[in-house]
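Asker: First the structure, which I've put down as structure tokens, then a few questions once you've had a look.
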Amino acid sequence: MMEVKAVISPNKLGALRAALLDTPGFPGMTVSKVEGCSAPSKLGKATIKDELTDYSAKVRIEIICNAEIAGSLMDKIVAVCQAGHMGDAVVWCTPVPNAFFVSKSSSSI
């Protein structure tokens, strides 16, 4: 089991959802609104106002999936969310020892 996570621009969510729904074995995803900032520029910030207003709205995607499809999901996220700008997205994957869908009759993923 793996957890694929990504932080993307909100305007890419619709296209990403459509692309992921077309992926065989896609188990669904959790979407959260988040804010983030980039690393400090090499030139430095000019004022405290610049430092305090550096945050921008983003969307965080979390997907628990089989290890076999984690790579293809990550590739699809990168392909859909890449617009050629600094900070388009960040995608990473972590192992999940065990996970369950909780419902009437819970089953392991």
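Quick note, the sequence shown lines up with residues 0 to 108 if you use numbering that gives the first Met the number 0.
Just so you know, even glycine gets a beta-carbon here, dropped at the ideal spot from N, CA and C.
The structure presented is a predicted model; accordingly, all values stated were derived computationally and were not measured.
Sort Pro96, Val77, Gly83, Val101 by Cα distance to Leu12 and report the nearest one.
Answerer: Here residue 12 is taken as the residue at index 13 of the sequence shown, counted from 1. Looking at the Cα atoms, Val77 is the closest of the given residues.
Asker: Exposed or buried, Lys32, counting other C-beta atoms within 10 Å across all chains shown (16 or more means buried)?
Answerer: Translated into the one-based positions of the sequence shown, residue 32 becomes position 33. Lys32 comes out exposed.
Asker: Measuring CB to CB, does Arg59 end up less than 8 Å from Val101?
Answerer: Position 60 of the sequence shown, counted from the start, is the residue given in the question as residue 59. Position 102 of the sequence shown, counted from the start, is the residue given in the question as residue 101. Contact flag unset, no.
Asker: What are the boundary residues of the beta strand (DSSP E) that Val58 is part of?
Answerer: Against the sequence shown, residue 58 aligns to sequence position 59. Here the beta strand (DSSP E) through Val58 covers 55-64.
Asker: Does the distance from the C-beta atom of Met0 to that of Val95 stay below 8 Å?
Answerer: Numbered from 1 along the sequence shown, position 1 holds the residue referred to as residue 0. Numbered from 1 along the sequence shown, position 96 holds the residue referred to as residue 95. Yes, Cβ-Cβ distance for Met0 and Val95 is below 8 Å.
Asker: With respect to the beta strand (DSSP E) encompassing Ala17, which residues constitute its N-terminal and C-terminal limits?
Answerer: The residue you call residue 17 lines up with position 18 of the sequence shown. It is not in any beta strand (DSSP E) - Ala17 instead sits in the alpha helix (DSSP H) that spans 12-20.
Asker: What's the C-alpha gap between Glu61 and Asp21?
Answerer: Stepping through the sequence shown from its first residue, residue 61 is reached at position 62. Stepping through the sequence shown from its first residue, residue 21 is reached at position 22. Answer to the nearest angstrom: the Cα atoms are 17 Å apart.
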